[in-house]
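Protein chains in written order, with our numbering: chain A, 1 to 127; chain R, 128 to 254.
Even for Gly, the Cβ is constructed at its ideal location relative to N, Cα and C.
Predicted, not measured: the structure shown is a model, and the values here were computed from it.
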DNA sequence: ACTATATACTACCTGTTTGTATTATTTTAT
DNA sequence: ATAAAATAATACAAACAGGTAGTATATAGT
């Protein structure tokens with residue numbers, strides 16, 4: 001999220017791994033691994049070799065927070081049963097089910113509706 | 128949560144550790160540790176010795192899900208900055224701050240407003 | 001006294017998250 | 001050719017969550 005949001009400030013720019021590592025304060029290897037994952041997920045594309053780097057593979061207007069979270073860590077933490085039961089549904093609910101579906105839906109809605117282009121870059125002071 | 132919700136079905140009853148261990152499928156030692164924590168937090172009270180056990184220390188109408196979660200694991204996971212920055216506020220927001228406050232408030236509200244007595248015990252099929 | 005119960009403390013285990021480190025390979029502009 | 005860049009695969013490490021296990025002690029009803 002931090003990488004993509006940082007890049008979304010200037011979506012047309014080409015960013016090198018080295019540059020992003022400095023800006024975001026993470027290790028080189030870790031960032032590169034994430035970049036490769038983000039490439040495979042289709043959010044960004046890479047150009048190898050000298051003068052290479054990363055840039056968005058599609059319009060940032062078309063990238064929701066939901067898609068990003070889902071591709072990086074999956075949405076199961078949010079959408080699985082909050083008490084950990086394998087089989088838990090509205091017809092066979094756990095003790096928290098009915099309360100949790102309300103929250104779950106709110107979160108899914110927020111993440112699905114918010115796109116990288118919706119962020120207020122004027123206000124953000126940390127990436 | 129599972130323990131307290133189970134007990135809330137019959138809030139006046141005295142429950143032994145052994146009984147709850149069988150009903151909730153957790154280890155004896157683990158449950159006892161949790162019970163001691165819940166006692167210290169004031170949700171339940173214990174009577175030692177033969178014919179002892181646990182029962183609620185106050186009305187279940189007065190116990191919100193917020194209080195329970197807060198006493199067991201703290202609410203910092205929810206209320207700290209979602210991107211992990213130490214100093215993150217509305218005047219100094221991280222990239223996700225403005226989106227996250229909406230969710231945060233919704234969750235806090237739900238957990239604060241829902242009390243053990245509000246659960247629909249008729250419908251619940253797993254504890 | 002005996003027995004059934006809770007308490008306390010400590011150590012351990014297993015998996016996950018959130019990264020870091022190492023090493024070697026491939027690609028491309030100049 | 002060379003240098004600057006991305007790629008790939010693997011191992012490691014620290015912190016934390018979610019438990020389990022052991023052992024000994026305290027309490028209270030009969």
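Checklist entry - Would DSSP call residue 62 of chain A helix, strand or coil? => result Taking the first chain and counting its residues from 1, one reaches residue 62 of chain A at position 62. Residue 62 of chain A carries a helical assignment under DSSP once its states are collapsed to helix, strand and coil.
Item to check | Span separating the alpha-carbon of residue 59 of chain A from that of residue 181 of chain R | outcome: Working through the first chain from its first residue, we reach residue 59 of chain A at position 59. Working through the second chain from its first residue, we reach residue 181 of chain R at position 54. Looking at the two C-alpha atoms, the distance is approximately 59 angstroms.
Next on the checklist: Within the continuous alpha helix (DSSP H) that includes residue 30 of chain A, where are the two ends?
Outcome noted: Sequence index remark: in the first chain, residue 30 of chain A carries index 30 (1-based). Counting along the chain, the alpha helix (DSSP H) containing residue 30 of chain A begins and ends at 28–40.
Checklist entry - Given a limit of 9 angstroms on CB to CB distance, which residues of the region 109–121 of chain A reach chain R? => result Within the region 109–121 of chain A, the residues whose Cβ lies closer than 9 angstroms to some Cβ of chain R are 110, 111, 114, 118, 119, 120, 121, listed in chain order.
Checklist entry - So, is the C-beta of residue 5 of chain A closer than 8 angstroms to a C-beta in chain R? => result Stepping through the first chain from its first residue, residue 5 of chain A is reached at position 5. For residue 5 of chain A, the nearest CB of chain R lies under 8 angstroms from its own CB, placing it at the interface with that chain.
Item to check | Straight-line gap, residue 222 of chain R to residue 174 of chain R (C-alpha atoms, nearest Å) | outcome: Locating residue 222 of chain R in the second chain gives position 95, counting from the first residue. Locating residue 174 of chain R in the second chain gives position 47, counting from the first residue. Roughly 51 angstroms between the two C-alpha positions.
Checklist entry - Using CA coordinates, which residue listed in R:237, R:215, R:154, R:213 is at the minimum distance from residue 97 of chain A? => result For the purposes of this step, residue 97 of chain A is taken as the residue at position 97 of the first chain. For residue 97 of chain A, the nearest C-alpha among the options comes from R:237.
Checklist entry - Do residue 200 of chain R and the ligand NAP come close, with the Cβ less than 7 angstroms from some heavy atom? => result Absent from the structure shown: the ligand NAP. Ligands present: none.
Next on the checklist: Using beta carbons (cut-off 8 angstroms, strictly below), is residue 102 of chain A in contact with chain R?
Outcome noted: Residue 102 of chain A sits at position 102 when you count from the first residue of the first chain. Contact of residue 102 of chain A with chain R is assigned, a C-beta pair being separated by under 8 angstroms.
Checklist entry - How many angstroms separate the CA atom of residue 205 of chain R from the CA atom of residue 212 of chain R? => result In the second chain, counting from the first residue as 1, residue 205 of chain R sits at position 78. In the second chain, counting from the first residue as 1, residue 212 of chain R sits at position 85. Between residue 205 of chain R and residue 212 of chain R, the C-alpha separation is close to 13 angstroms.
Checklist entry - Given that residue 128 of chain R touches chain A, what residues does it touch there, using C-beta distances under 8 angstroms? => result In the second chain, the residue the question calls residue 128 of chain R occupies position 1. Simply 83, 95, 96.
Checklist entry - So is residue 187 of chain R in contact with chain A if we call contact Cβ pairs under 8 angstroms? => result In the second chain, counting from the first residue as 1, residue 187 of chain R sits at position 60. No, its Cβ sits nowhere closer than 8 angstroms to a Cβ of chain A.
Item to check | Per-residue burial, residue 127 of chain A [other beta carbons within 10 Å of its own, 16 or more giving buried] | outcome: For the purposes of this step, residue 127 of chain A is taken as the residue at position 127 of the first chain. Buried.
Item to check | CB contact flag (residue 239 of chain R, residue 168 of chain R, <8 angstroms) | outcome: Counting from one through the second chain, the residue named residue 239 of chain R turns up at place 112. Counting from one through the second chain, the residue named residue 168 of chain R turns up at place 41. Note that the C-beta distance between residue 239 of chain R and residue 168 of chain R is not below 8 angstroms.
Checklist entry - List, in order along the chain, the chain A residues whose C-beta lies closer than 9 angstroms to that of residue 171 of chain R? => result Position 44 of the second chain, counting from 1, holds the residue named residue 171 of chain R. By Cβ distance, chain A contributes nothing, its closest Cβ being about 17 angstroms from residue 171 of chain R, past 9 angstroms.
Checklist entry - So, helix, strand or coil for residue 2 of chain A, using DSSP? => result Within the first chain, the letter at position 2 stands for residue 2 of chain A. If DSSP states are grouped into helix, strand and coil, residue 2 of chain A belongs with the helices.
Checklist entry - How would you list, in chain order, the residues of chain A whose beta-carbon sits under 9 angstroms from the beta-carbon of residue 226 of chain R? => result Taking the first residue of the second chain as position 1, residue 226 of chain R is located at position 99. Per Cβ cutoff of 9 angstroms: 65, 110, 111, 114, 118, 119.
Checklist entry - CA-CA distance, residue 148 of chain R and residue 229 of chain R? => result Taking the second chain and counting its residues from 1, one reaches residue 148 of chain R at position 21. Taking the second chain and counting its residues from 1, one reaches residue 229 of chain R at position 102. Within the model, the alpha-carbon separation for residue 148 of chain R versus residue 229 of chain R is close to 38 angstroms.
Next on the checklist: Going by DSSP, what residue range makes up the beta strand (DSSP E) through residue 207 of chain A?
Outcome noted: Since the first residue of chain A shown is 1 and the last is 127, residue 207 of chain A is not available in this structure.
Next on the checklist: Whole angstroms are fine: how far does the CA of residue 80 of chain A sit from the CA of residue 193 of chain R?
Outcome noted: Translated into positions along the second chain, residue 193 of chain R becomes position 66. Translated into positions along the first chain, residue 80 of chain A becomes position 80. About 20 angstroms.
Checklist entry - Of all Cβ atoms in chain A, is any one closer than 8 angstroms to the Cβ of residue 233 of chain R? => result Counting from 1 along the second chain, the entry for residue 233 of chain R is found at position 106. Answer yes: the Cβ-Cβ gap between residue 233 of chain R and chain A drops below 8 angstroms somewhere.
Item to check | Distance between beta carbons of residue 183 of chain R and residue 196 of chain R, contact taken as under 8 angstroms | outcome: Here the question's residue 196 of chain R lines up with position 69 in the second chain. Here the question's residue 183 of chain R lines up with position 56 in the second chain. Not quite, the Cβ-Cβ distance comes to about 17 angstroms (not below 8 angstroms), so this is no contact.
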